[in-house]
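Student:
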Amino acid sequence: MALKDYKDIIHRCFRCGYCKFTSDYSYLGFNCPVYSKYRLESYSPGGMMWLIYASLVKGELKPSKHLSQILYSCTMCRNCSQECKFKFNEDIVNILKAAREEMVDKQLVPQIVGQFLTNVYDYGNPYRELKQNRDNWAENTEIKHYEKGDEFLYYVGCVGSYDTVSQKAARALGSVLLKSGLPFGFLGSREVCDGNEVDMLGEKGLFEFLKEENTQIFKELGVKKIVTLSPHSYNALKNNYSNEFEVFHYTQLLRDLVKSGKLDVSRGFKAKVTYHDPCFLGRYNNEYDAPREILTAIPGVELVEMERTKENSFCCGGGGGNFYTDILGSGKDSPSRIRVREAHDTGANILAVACPVCMMMLEDALKAEGLEDELAIKDISEVMNAALL
Amino acid sequence: MDIYSPLVDIVGEDFTSNHEEELYIYSRDSGAQQPRKADYVVAPKTVEEVQQIVKLANKEKIPITPMGGGLTLSGLAVPIKGGIVLDMKRMDRIIEVNEKSRYVILEAGVTQGALQSHLEKNYPHLEHSMPDAPPMATIVGNVVIQGHGHLSVAQGINSQMVNGMEVVLPTGEVCKLGSCSISPYWFTRDPLPDLMGLFLGWLGTTGIITKVSLQLFPKPKFRDLLTFTSADLDLLPDFIFDITQLNLMDNLFIISQEWPPWAQGILYVPIISAQDEEEFKLKIELHKKLLRKYEGKITLVEGRHAERMREARLPVPPVTLGVMAADAKQGGGFEYTGGILPIEKVPEASSKAVEIAHKYGQPYLLGYQLLTGGHSMMCGLAYCLNRADGEDIEKVRKALDESNKLILDIGGVLWKAEALAQRLMVQRMDPNTVKLMKRVRKALDPNAIMNPGNWSD
Numbered sequence: 002m003a004l005k006d007y008k009d010i011i012h013r014c015f016r017c018g019y020c021k022f023t024s025d026y027s028y029l030g031f032n033c034p035v036y037s038k039y040r041l042e043s044y045s046p047g048g049m050m051w052l053i054y055a056s057l058v059k060g061e062l063k064p065s066k067h068l069s070q071i072l073y074s075c076t077m078c079r080n081c082s083q084e085c086k087f088k089f090n091e092d093i094v095n096i097l098k099a100a101r102e103e104m105v106d107k108q109l110v111p112q113i114v115g116q117f118l119t120n121v122y123d124y125g126n127p128y129r130e131l132k133q134n135r136d137n138w139a140e141n142t143e144i145k146h147y148e149k150g151d152e153f154l155y156y157v158g159c160v161g162s163y164d165t166v167s168q169k170a171a172r173a174l175g176s177v178l179l180k181s182g183l184p185f186g187f188l189g190s191r192e193v194c195d196g197n198e199v200d201m202l203g204e205k206g207l208f209e210f211l212k213e214e215n216t217q218i219f220k221e222l223g224v225k226k227i228v229t230l231s232p233h234s235y236n237a238l239k240n241n242y243s244n245e246f247e248v249f250h251y252t253q254l255l256r257d258l259v260k261s262g263k264l265d266v267s268r269g270f271k272a273k274v275t276y277h278d279p280c281f282l283g284r285y286n287n288e289y290d291a292p293r294e295i296l297t298a299i300p301g302v303e304l305v306e307m308e309r310t311k312e313n314s315f316c317c318g319g320g321g322g323n324f325y326t327d328i329l330g331s332g333k334d335s336p337s338r339i340r341v342r343e344a345h346d347t348g349a350n351i352l353a354v355a356c357p358v359c360m361m362m363l364e365d366a367l368k369a370e371g372l373e374d375e376l377a378i379k380d381i382s383e384v385m386n387a388a389l390l
Numbered sequence: 156m157d158i159y160s161p162l163v164d165i166v167g168e169d170f171t172s173n174h175e176e177e178l179y180i181y182s183r184d185s186g187a188q189q190p191r192k193a194d195y196v197v198a199p200k201t202v203e204e205v206q207q208i209v210k211l212a213n214k215e216k217i218p219i220t221p222m223g224g225g226l227t228l229s230g231l232a233v234p235i236k237g238g239i240v241l242d243m244k245r246m247d248r249i250i251e252v253n254e255k256s257r258y259v260i261l262e263a264g265v266t267q268g269a270l271q272s273h274l275e276k277n278y279p280h281l282e283h284s285m286p287d288a289p290p291m292a293t294i295v296g297n298v299v300i301q302g303h304g305h306l307s308v309a310q311g312i313n314s315q316m317v318n319g320m321e322v323v324l325p326t327g328e329v330c331k332l333g334s335c336s337i338s339p340y341w342f343t344r345d346p347l348p349d350l351m352g353l354f355l356g357w358l359g360t361t362g363i364i365t366k367v368s369l370q371l372f373p374k375p376k377f378r379d380l381l382t383f384t385s386a387d388l389d390l391l392p393d394f395i396f397d398i399t400q401l402n403l404m405d406n407l408f409i410i411s412q413e414w415p416p417w418a419q420g421i422l423y424v425p426i427i428s429a430q431d432e433e434e435f436k437l438k439i440e441l442h443k444k445l446l447r448k449y450e451g452k453i454t455l456v457e458g459r460h461a462e463r464m465r466e467a468r469l470p471v472p473p474v475t476l477g478v479m480a481a482d483a484k485q486g487g488g489f490e491y492t493g494g495i496l497p498i499e500k501v502p503e504a505s506s507k508a509v510e511i512a513h514k515y516g517q518p519y520l521l522g523y524q525l526l527t528g529g530h531s532m533m534c535g536l537a538y539c540l541n542r543a544d545g546e547d548i549e550k551v552r553k554a555l556d557e558s559n560k561l562i563l564d565i566g567g568v569l570w571k572a573e574a575l576a577q578r579l580m581v582q583r584m585d586p587n588t589v590k591l592m593k594r595v596r597k598a599l600d601p602n603a604i605m606n607p608g609n610w611s612d
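Residue numbers (the working numbering), protein chains in the order written: chain A, 2 to 390; chain B, 156 to 612.
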């Protein structure tokens, strides 16, 4: 919906501040990653609602680059929508997205956001990487391209395909899927950005274009079932694409494969593990159990929870394109560093993730915190791969 | 003089702003008061930074308005004469909990929610008196405005629960008050000259509180509420007297509102708690037994309505009902006259408040809070407003003005009064009291930089 469709709702925000907290008002800190970092009211969900109303509805403020910087600092983690006590809570993130669409129309997006969008349009990924390099992560593996008749399309996404840290997860999941015996394949150079972040950044036209392009490829290849590495891809494909494809996040598929005995994890993996819920799997799609069911099924894994967990999970700071735009920035108060410290406080030696974006954000934070000797970031697929017979 | 750069030197660029966007947000709140523009917004992290800001402001004679959660609704953290808004919420350390002497030392930016969560996790047998406000309200903001909490009937208002404080004076010196001024322990404010009175209720016009020691209380194992209803407002003073003679409640809400329809009539909601089940049941029974005296006039509500009240009012802080009521106009604005009254004046105030609400086309919305064992009552004459409708806001301003005058005319005082309402009080105040207040402020704040415009200076 466009911003004008929310004109009777935007001014209803009281700025009461429930949106900044977890459901239990955790003393560890505010759960809005943006407010947690900047600590000025303008960077809170309520502050953003008031600024959107003042600048893009009422005309009291001229839309500016600083406004754009504020609006694009949001990671779209949905904590605000979840914690807001009012009936319009579901609309908060949608209003922000609609406001960003206006900023795109007014050509007021931060330069780095413009670069992200241009890169996706020109190259099909935000990194300006060549399409043919989208195969590189699978080099020297037996993971093959999707062929007609394969049961699953393994949709890897931009981050898993190109980011060197996250490629480990892409390969591990491919390896696990090979061991399961499921017929599957990936698209490689034919894969195009799923558009989740493009949608979150307010470039509706480009998102529609990407959706169409991907859908056309899926149809050409006769794809019926898709398993995604990234919760971001999962969110886009499951909720914003045509419903003719059955879409799974990989943790859901692996959980079922373990339960049905198609994956045997009896080799085990001895570690004290804490798990970080990705926003686009948890708060967006209400999947909190599958990753935990996998971890607890692995002999030797001791699962310990962080203070902020499941629906109260604290965003890594990478959503809404921030993994690339870095508008939230670094420093000890950056969400990813706060989250790594929180994980470290559990006494775990593995911080398990189920998202390539979280993986790259938290890996960087781990180095910045100097905790590499005490804690390792591993994707659940890596943990599982090590546990398989 | 432009002090942006010196402010950046003190707190850093990330926490200093003179951008229009920040100034817009810090120049207004969710109440009906006119926006008033700030010139700078600064969020300090340490008491030393606060000191440097105060010294800079003194040198340049620039006003400072301290801000906690910014949730007074009456614009008390919105600067009247421009200058710096000092957002204190980065000073958010819970420094120490003294379990045996039951107090917590914390910085000025600690929110009600954070303290509640900290105690639940680490000291589940202790609690603090939590106001009805959203959890974003700060502990210090609440005591500065002499707010109340969910233990205010049993234990007094929250400013009375302050054992000690650290203050940055308007001239930049740091000062400790209470036992902490002579001891490492922040355990009592007596028996010493009560200098904390120089900062509580002064709405940030006499200094900046940077730390407080707040009393904690035993958290009960059993806690419930009863809902009584009555159509006869005139019974209220006698009933309040009788129920407080029992001396067994933690808290007492009284609600009278037109919307939602199921909540109509006068609802009395005593909150009752105990550590022991037998004691708890007895307390409940004694409250029910009280109704015999008022047979047919005040009755126990049971079933679905009682459950709804339980859902709305038993959580600390209460959520549902307040949120429903504040959003009645779907307009994102809300303000109320907080009239503190002698108990016997409540029926008169209430009848006239209904007239004022109807005169301005508002459904009446009256929320009462018994204070300090039944010595007074806070009557909230509340008005929802539509921020998108200028005429509606103006109507609410007029209704608030009439409500303020009503409370004062019948002998009450106004709680967390907006600047105009403060003026109404000062006009009626003993002239020598006004002079004394001015002398105190002049002595503490020679350059009149602290939240000027408040208390009718």
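Even for Gly, the Cβ is constructed at its ideal location relative to N, Cα and C.
With A/A1 and A/I381 assumed to form a contact (beta carbons below 8 Å), what rounded beta-carbon distance in angstroms separates them?
Tutor: Only positions 2 to 390 of chain A appear in this structure, which leaves residue 1 of chain A out of reach.
Student: Out of B/G420, B/I498 and B/K438, point me to the one whose CA is closest to B/I427's CA.
Tutor: Answer by Cα proximity: B/K438.
Student: Using a Cβ-Cβ cut-off of less than 7 Å, give me the residues of the region 337 to 349 of chain A that come near chain B, in sequence order.
Tutor: Cβ contacts with chain B: none found.
Student: Mind listing which residues of the region 8 to 29 of chain A have their C-beta closer than 7 Å to chain B's C-betas, in chain order?
Tutor: Correct list: H12, R13, C14, F15, R16, C17, G18, Y19, K21, F22, D25, Y26, S27 and Y28.
Student: Do you know how far the Cα of A/S314 is from the Cα of A/G30?
Tutor: Taking the straight line from one Cα to the other gives about 12 Å.
Student: Going by CA-CA distance only, name the one from B/Q524, B/E503 and B/R596 that's closest to B/S307.
Tutor: Comparing Cα-Cα distances from B/S307 to each of B/Q524, B/E503 and B/R596, the minimum goes to B/Q524.
Student: Rounded to the nearest angstrom, how far is the Cβ of A/R40 from that of A/L72, given a contact under 8 Å?
Tutor: Actually they do not touch by this definition, with Cβ atoms about 17 Å apart.
Student: If B/H280 sits next to B/K210, beta carbons under 8 Å apart, how far is it from one beta carbon to the other, in whole angstroms?
Tutor: Not quite, the Cβ-Cβ distance comes to about 43 Å (not below 8 Å), so this is no contact.
Student: Beta strand (DSSP E) containing A/E152: first to last residue?
Tutor: A/E152 -> no beta strand (DSSP E), and no H or E assigned at all.
Student: Within 9 Å of any Cβ in chain B, is that where the Cβ of A/S82 sits?
Tutor: False, the Cβ-Cβ gap to chain B never drops below 9 Å.
Student: Residues of chain B with a CB under 9 Å from the CB of A/A369: which are they?
Tutor: Going along chain B, no residue has its Cβ under 9 Å from A/A369, so there is no contact; the nearest lies around 17 Å.
Student: Which chain A residues are close to B/Q188, counting only those with a beta carbon under 9 Å from its beta carbon?
Tutor: Simply none; closest approach about 14 Å.
Student: Run through the region 313 to 375 of chain A for me and flag every whole beta strand (DSSP E) of 3 or more residues, listed as ranges in chain order.
Tutor: With a minimum length of 3 residues, the continuous beta strand (DSSP E) runs that stay inside the region 313 to 375 of chain A are 351 to 354.
Student: Can you check whether the CB of A/G319 is closer than 9 Å to the CB of A/S331?
Tutor: No, the Cβ-Cβ distance between A/S331 and A/G319 is not below 9 Å.
Student: Is B/F372 helix, strand or coil when you go by DSSP?
Tutor: Three-state result, B/F372: strand.
Student: Start and end of the beta strand (DSSP E) containing A/K226?
Tutor: Looking at the DSSP string, the run of the beta strand (DSSP E) that includes A/K226 is K226 to T229.
Student: So, for A/D123: in the same chain, excluding its five sequence neighbours on each side, which residues have a beta-carbon less than 8 Å away from its beta-carbon?
Tutor: Here the set comprises R129.
Student: Does the beta carbon of B/H174 come closer than 9 Å to any beta carbon on chain A?
Tutor: Interface residue, yes.
Student: Give the straight-line distance between the Cα atoms of A/V177 and A/T252, rounded to the nearest whole angstrom.
Tutor: C-alpha separation (whole angstroms): 11 Å.
Student: Any idea which residues DSSP pairs B/N173 with across the strands?
Tutor: In the DSSP output, where bridge partners are listed per residue, B/N173 has none listed.
Student: Shortest alpha-carbon distance to B/Y258 belongs to which of B/S229, B/M246, B/I294 and B/I235?
Tutor: Closest option to B/Y258, Cα to Cα, is B/I294.
Student: I'd like to know if A/I71 contacts chain B, where contact means its C-beta is closer than 9 Å to some C-beta of that chain.
Tutor: Closer than 9 Å to some Cβ of chain B, the Cβ of A/I71 qualifies, so yes.
Student: Looking only at DSSP bridge pairs, what is B/R378 linked to?
Tutor: The partner list for B/R378 (beta bridge, DSSP) reads B/S428.
Student: Would you identify the three-state DSSP class for A/K145, choosing helix, strand or coil?
Tutor: The answer is coil: DSSP assigns A/K145 none of H, G, I, E or B.
Student: Would you decide whether B/H442 is buried or exposed? Buried here means 16 or more other CB atoms lie within 10 Å of its CB.
Tutor: With 16 or more Cβ atoms within 10 Å of its Cβ, B/H442 is classed as buried.
Student: Given a cut-off of 9 Å on the beta-carbon distance, is the pair A/C356 and A/S231 in contact?
Tutor: Yes, they are a contact pair.
Student: Would A/I351 and A/I378 qualify as a contact pair, given that the criterion is a beta-carbon distance under 9 Å?
Tutor: Yes, they are a contact pair.
Student: Got a sec: is the Cβ-Cβ distance from A/F219 to anything in chain B below 9 Å?
Tutor: Chain B contact via Cβ: absent.
Student: So with Cβ pairs under 9 Å, would you call A/R40 a contact of chain B?
Tutor: With 9 Å as the cut-off, A/R40 counts as an interface residue toward chain B.
Student: Following the continuous alpha helix (DSSP H) through A/C81, name the residue where it begins and the one where it ends.
Tutor: N80 to E84 is the span of the alpha helix (DSSP H), which, as asked, contains A/C81.
Student: What's the C-alpha gap between A/L109 and A/L4?
Tutor: Straight-line Cα distance between these residues: approximately 16 Å.
Student: Of all the residues that make up the region 45 to 62 of chain A, which are near chain B by a beta-carbon distance shorter than 7 Å?
Tutor: Within the region 45 to 62 of chain A, the qualifying residues are G48, W51, L52, A55 and L62.
Student: Would a C-beta distance cut-off of 9 Å place A/N241 and A/F208 closer than the cut-off?
Tutor: Yes; because the gap between Cβ atoms is below 9 Å, this pair is in contact.
Student: As a quick exercise: from B/K597, B/V240 and B/G486, pick the residue whose alpha carbon is nearest that of B/I180.
Tutor: The candidate whose alpha carbon is nearest that of B/I180 is B/V240.
Student: Is the CB of B/I208 under 9 Å away from at least one CB in chain A?
Tutor: Judged by the 9 Å Cβ criterion, B/I208 is not in contact with chain A.
Student: What is the residue span of the alpha helix (DSSP H) that A/P232 lies within?
Tutor: A/P232 -> alpha helix (DSSP H) spans P232 to N236.
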